[in-house]
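So the structure is just underneath, and the comments pick up after that.
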Amino acid sequence: MARIAIGGFQHETNTFAPSRADYAAFEAGGGWPGVQYGEPLFGAVEGANIPAAGAIRALRAMGHSLVATAWAAASPSAQVTDDAYARISGELLSRLKGAAPVDGVYLDLHGAMVVESHDDGEGELLRRVREVVGPRVPIVASLDLHANVTRAMVERADALVAYRTYPHVDMADTGARAARLLDQLLRGGQRLAAGFHQLDYLTGIPSQCSFIEPCRSIYRELEALESRDGSITLSFTPGFPMADFAECGMAVFGYGANAKAAVERLRGVVADAEPHFALELHAAADAVRRARSRGAPGAPVVLADTQDNPGAGGNGDTTGLLKSLIEQKAQDAVLGMLIDPASAARAHAAGLHSTLDFSLGGKSGIAGDAPLAGEFTVERLGDGRFTCTGPMFKGFRMTLGNMALLRSRAAPGVRVVLASRKCQAADQEMFRHLGVEPRASRIVALKSSVHFRADFEPIATEVLVVKSPGPALADPAEFKWTKLRKGVRLRPLGPAHA
Ligand SMILES: [Zn+2]
């Protein structure tokens, strides 16, 4: 039995996004539990599809004793402020010092955190954790599939393990996989051999879904390589192609005696897949036209407003797709969630069944976007407190603030779900909270890129990825990169960064 420190600090940073993640953003959590210090950490994550929850359960089952330090996550956005980083990492480190001596450390990290003063937020955190525990105590971290894994991260941790699914239905399972690696390191008493490669092209996030090619085959090959060897743990991270720093992008890595050769094989598989990471994107007006003719109650067409995905740094308040739904007078259509606390408060103040003028969304200053003005009727109100039930967010206890369901007067077939706090529309409970059953619609428009597929693809007759103005560009080549390392192709088979 070993004494193991548990911590976590997750943020996915889109350096091109409109707002930064301050301490309040980590207190709010954006769908995740708010920031936790000490013992309450265990209860806050328990039972949810969260990496720390899976690691805690697995480590306890192995008989280890656990000490909680700090755990925090916020909605993806632009850089984490220096203040938030100092406060959260400061608590984590001082509690780690207070818990000394520990035999091992497990960290629940994202892997794509950019801080105002540190491009590699996790690399810096791992450096500080290593400084506290010294060179011999194993540190193992689980990572998001969207991690931009750096050399510093690989050097400073004994092992890193990433999710294998996008939508991330295996977050808790990945925590458990990290726990097994940590246990293996504690028993073995020495570091495992590691392999690590960064790839030289970027891919847009809609094409990284593990349900579709080429990622489906890449992850299948990854697992085949693991089971052929029996003693290695491999990861492939397609990365988060919206963080402007040198090491942004895809990577493969692994641990075990034969890790180097297996990682090299996996690198070849990902390199060969480059032409297959193609994207099919639809203009909002075209997508709505197609959805109107193909969707039916019971078999909706699902539209993914990918470039305003709050899960990729959007504020969830752009109006391009909503405008098209209203202009084309779509029937049985619902869009969610539009994040607009002022409009949600206005709906609550006006009360049920009242009809009034709103100026919806469009408040993030995104080029080509503006608020949508119009008359809407308040059909339902909610307090934003509910528990998710879909495969990805299962067990997440949402606190999204004032929520409201509005119906357009200009296009009475169009309804909008408003929420006050940012969260990606990846769970049907976000609609049911306001009495909307998504399956009963003809068109369901979602502020999400891929995560929605876990809960919504089973009810969809068709999924269309929509390209409408927003900060989470589906084509990484459209960003103005300044710090990315030279030679990286900005999209599959695309131009190299000069
Ligand atoms: Zn992710």
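Just so we're aligned: the sequence shown equals residues -14 to 483 in this note's numbering.
Backbone N, C-alpha and C fix where the C-beta goes; we use that ideal spot for every residue, glycine too.
Going along the chain, which residues of its own chain have a beta-carbon closer than 6 Å to the beta-carbon of residue i, five neighbours each way excluded?
i	result
aspartate 460	Gly189, Arg476
serine 74	Leu110
cysteine 514	Outside the displayed span of the chain (-14 to 483) sits residue 514, for which this structure offers no information.
asparagine 245	According to the sequence shown, residue 245 is lysine rather than asparagine. Once the five neighbours on either side are set aside, the close Cβ partners of lysine 245 are Gly180.
leucine 81	Ala(-10), Thr54, Val117
serine 339	Val363
What are the boundary residues of the alpha helix (DSSP H) that includes residue i?
i	result
histidine 182	Unbroken run through histidine 182 is the beta strand (DSSP E), 179 to 183; no alpha helix (DSSP H).
arginine 72	67 to 84
aspartate 257	244 to 257
isoleucine 217	Note, isoleucine 217: premise wrong, no alpha helix (DSSP H); not H, not E.
tyrosine 8	8 to 13
leucine 307	305 to 312
threonine 159	156 to 173
glycine 39	36 to 46
Given a cut-off of 8 Å, decide if residue j and residue i are closer than it, judged by their beta-carbon atoms.
i	j	result
leucine 128	serine 192	no
aspartate 342	glutamate 364	no
glutamate 109	tyrosine 22	no
alanine 163	aspartate 214	no
valine 99	threonine -2	yes
alanine 57	valine 20	yes
proline 3	proline 456	yes
valine 139	phenylalanine 181	yes
methionine 377	aspartate 440	yes
arginine 438	phenylalanine 225	no
aspartate 88	valine 122	yes
lysine 432	alanine 396	no
leucine 419	valine 399	no
alanine 228	threonine 0	yes
alanine 132	alanine 97	yes
alanine 59	glycine 28	no
alanine 63	glycine 299	no
methionine 207	alanine 256	In the sequence on display, residue 207 carries leucine and not methionine. In this structure, alanine 256 does not lie closer than 8 Å to leucine 207 by Cβ.
leucine 130	histidine 153	yes
What is the residue span of the beta strand (DSSP E) that residue i lies within?
i	result
methionine 322	318 to 324
glutamine -5	-12 to -5
aspartate 342	340 to 345
leucine 288	286 to 290
methionine 388	388 to 393
glutamate 116	Where glutamate 116 is concerned, there is no enclosing beta strand (DSSP E), although the alpha helix (DSSP H) it sits in stretches over 106 to 118.
leucine 449	447 to 452
valine 90	89 to 94
State yes or no: is the C-beta of residue i nearer than 7 Å to some heavy atom of ligand 1?
i	result
leucine 187	no
histidine 131	yes
histidine 153	yes
proline 107	According to the sequence shown, residue 107 is glutamate rather than proline. Glutamate 107: no, Cβ never under 7 Å from ligand 1.
glutamate 101	no
glutamate 447	no
glutamate 211	no
glutamate -3	yes
So residue i and residue j are supposed to be a Cβ contact under 8 Å. How far apart are they, rounded?
i	j	result
valine 421	valine 319	6 Å
glutamate 232	arginine 470	7 Å
glycine 106	histidine -4	7 Å
isoleucine 428	alanine 315	6 Å
tyrosine 240	alanine 179	5 Å
proline 454	glutamine 292	7 Å
Considering only residues of the same chain and omitting the five flanking positions on each side of residue i, which have a CB-CB separation below 7 Å?
i	result
serine 309	Ala269, Ala270, Val273
proline 199	Ala258, His261, Phe262
Excluding sequence positions up to five away, which residues of its chain have a Cβ less than 8 Å from the Cβ of residue i?
i	result
glycine 347	Asp302, Thr303, Thr304, Asp354, Ala355, Pro356, Leu357
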